[in-house]
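Reading through the structure tokens given below for one structure.
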Amino acid sequence: MTDTGKWNFVDHFGADPKGLVDAAPLLQNAVTTICDAGGGTLVIPPGHYRMHGPGTAVSGTGVLVPDSGNLTVVAHGAHIFRSDTSAIDTLWGGGFSHNGYNGASNISIRGGRWDGGANNPLHLDMFAFCSAENILYEDLVVENIPDWHAIEFHGIRNGTARNCTFRGFKATTPTRFFSEAIEVQEAPDGTHSTNIVVDGCSADGFGALVGTHTATFPGRFHDGIRVVNNRITNAKNYAVRAQNWRHAVIANNIMADCNSGIQVQVDPSAQYQSWFWSQTEDIIVAHNVLTHTGLANQPGQGPRYATIGVYGMSDTPMENVVVTGNIIRDWASSNGIALQYVHEGVVTGNVVKYSQGGDGTAILFTSCSGGTATGNNIRYAGSGVVGAEVSAGNRISLR
Numbered sequence: 034m035t036d037t038g039k040w041n042f043v044d045h046f047g048a049d050p051k052g053l054v055d056a057a058p059l060l061q062n063a064v065t066t067i068c069d070a071g072g073g074t075l076v077i078p079p080g081h082y083r084m085h086g087p088g089t090a091v092s093g094t095g096v097l098v099p100d101s102g103n104l105t106v107v108a109h110g111a112h113i114f115r116s117d118t119s120a121i122d123t124l125w126g127g128g129f130s131h132n133g134y135n136g137a138s139n140i141s142i143r144g145g146r147w148d149g150g151a152n153n154p155l156h157l158d159m160f161a162f163c164s165a166e167n168i169l170y171e172d173l174v175v176e177n178i179p180d181w182h183a184i185e186f187h188g189i190r191n192g193t194a195r196n197c198t199f200r201g202f203k204a205t206t207p208t209r210f211f212s213e214a215i216e217v218q219e220a221p222d223g224t225h226s227t228n229i230v231v232d233g234c235s236a237d238g239f240g241a242l243v244g245t246h247t248a249t250f251p252g253r254f255h256d257g258i259r260v261v262n263n264r265i266t267n268a269k270n271y272a273v274r275a276q277n278w279r280h281a282v283i284a285n286n287i288m289a290d291c292n293s294g295i296q297v298q299v300d301p302s303a304q305y306q307s308w309f310w311s312q313t314e315d316i317i318v319a320h321n322v323l324t325h326t327g328l329a330n331q332p333g334q335g336p337r338y339a340t341i342g343v344y345g346m347s348d349t350p351m352e353n354v355v356v357t358g359n360i361i362r363d364w365a366s367s368n369g370i371a372l373q374y375v376h377e378g379v380v381t382g383n384v385v386k387y388s389q390g391g392d393g394t395a396i397l398f399t400s401c402s403g404g405t406a407t408g409n410n411i412r413y414a415g416s417g418v419v420g421a422e423v424s425a426g427n428r429i430s431l432r
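Numbering (our numbering) for the sequence shown: 34 to 432.
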């Protein structure tokens with residue numbers, strides 16, 4: 034990244050740190066000036082900065098980062114908030130009309146409390162970059178997001194969210210209970226996201242910490258997704274929803290009091306039926322701790338089919354899935370771990386205890402081939418391991 038120096042939002046661009054004057058047009062001016070100069074760092078000093086009117090001619094967009102990109106924003110101690118009457122529906126964005134990864138790239142946003150407006154009911158994406166690469170969010174607090182998302186990776190290559198906190202989600206539209214804090218999605222031209230890392234973050238009360246909820250381009254998948262070392266609480270849907278991901282790792286996360294845990298799925302709308310074997314493949318789900326899943330009926334839907342569920346399809350099964358070293362304790366789904374239409378799935382070394390009511394199946398393979406379940410510790414469930422071709426070395430005590 035070319036960095037021509039540091040610019041101060043207050044000193045150089047006249048922003049009001051008391052939050053009385055609309056800062057959105059000034060922020061647009063700052064971002065445009067820095068990017069047009071070849072790149073640099075914008076420092077938003079401690080204070081309160083009110084975002085009200087769109088900073089660009091793009092309807093609904095607060096700040097549009099120019100295609101030249103090369104921007105670092107440092108906002109430690111700053112409170113950037115959307116006013117309660119603002120019509121902005123995307124506070125930061127860029128690359129919306131591009132193909133491939135040619136949009137506004139090399140963007141880093143570090144620090145700051147980014148607030149969607151505690152009393153603003155209009156849906157919001159706080160950050161939405163599209164068709165770009167090298168996008169970093171670090172040490173942010175993002176709160177009060179109505180209906181949509183804190184971060185959208187739309188057709189992004191090399192995107193990272195590290196040590197961020199997401200809180201205060203508001204489903205003002207009841208059907209939006211599923212909204213992820215971080216959405217991994219395709220761009221309008223079908224470019225998918227690759228090499229996305231979500232590491233050391235926390236989310237409370239969103240539909241999920243990270244996930245994908247639609248896929249519309251057959252035969253295209255999000256590659257190299259890593260969701261590691263996070264804490265997810267009170268998720269209204271799944272803590273992590275991996276839809277049309279492949280070559281992915283979901284590991285070392287803590288998930289508590291969520292409606293369900295982890296879903297890995299081929300989206301039926303994006304299946305490509307001329308591929309006999311798997312499209313979504315090479316998935317590791319490892320060393321996660323999932324407690325009290327589905328015990329409190331969250332808005333939208335009740336307990337799910339499985340706390341950890343991996344679902345291929347009859348004509349597009351998944352392949353090479355390993356579910357290992359996870360702890361599932363106190364669960365109300367029909368199954369603790371379930372694999373469906375998975376070729377050569379391995380379920381090993383997991384602890385699955387205390388199905389609510391004692392009637393769930395701990396580990397289920399259905400319509401799978403080459404499935405292996407070994408070395409799992411199962412207690413207080415309706416049944417232990419069902420459907421695996423090899424089921425060796427499991428310790429099963431159903432009562």
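C-beta: ideal position from N, C-alpha, C; glycine also. On a predicted model such as this, the values are computed, not experimentally measured, just so you know.
With distances taken between CB atoms, is the gap from residue i to residue j smaller than 8 Å?
i	j	result
residue 178	residue 144	no
residue 420	residue 375	no
residue 111	residue 85	no
residue 97	residue 141	no
residue 196	residue 171	yes
residue 314	residue 279	yes
residue 355	residue 341	no
residue 122	residue 173	no
residue 71	residue 103	yes
residue 379	residue 399	no
residue 277	residue 255	yes
Ignore the nearest five residues each way along the sequence and tell me which others in residue i's own chain have a CB closer than 7 Å to its CB.
i	result
residue 325	289, 290, 363
residue 338	366, 367, 368, 371
residue 309	Unreliable placement is indicated for residue 309, whose pLDDT of 36 sits below 50; no coordinate value is reported for it.
residue 129	163
residue 59	46, 47, 48
residue 403	376, 377, 422
Exposed or buried, what is residue i when buried is set at 16 or more other beta-carbons lying within 10 Å of its beta-carbon?
i	result
residue 118	exposed
residue 428	exposed
residue 423	exposed
residue 275	buried
residue 417	buried
residue 149	buried
residue 51	exposed
residue 152	exposed
residue 75	buried
residue 105	buried
residue 388	buried
residue 269	buried
residue 393	buried
List the DSSP bridge partners of residue i.
i	result
residue 51	81
residue 241	213
residue 346	DSSP, once it has assigned bridges, lists no residue as partnering residue 346.
residue 398	372
Going along the chain, which residues of its own chain have a beta-carbon closer than 6 Å to the beta-carbon of residue i, five neighbours each way excluded?
i	result
residue 160	125, 184
residue 214	183, 199, 236, 239, 242
residue 285	261, 262, 320
residue 133	224
residue 408	381, 382, 426
residue 361	323, 340, 369, 385
residue 204	210
residue 100	137
residue 208	none
Excluding the five sequence neighbours on either side, which residues of its own chain have a C-beta within less than 8 Å of the C-beta of residue i, listed in chain order?
i	result
residue 186	162, 168, 192, 215, 216, 217, 218, 226, 229
At 3 residues or longer, and completely inside the segment 131–204: list those beta strand (DSSP E) runs for me, N to C. 140–143, 146–148, 158–171, 174–176, 182–195, 198–200
Ordered list of alpha helix (DSSP H) runs contained in the segment 357–395, each at least 4 residues: none
In chain order, which alpha helix (DSSP H) runs of at least 4 residues are fully inside the segment 242–297? none
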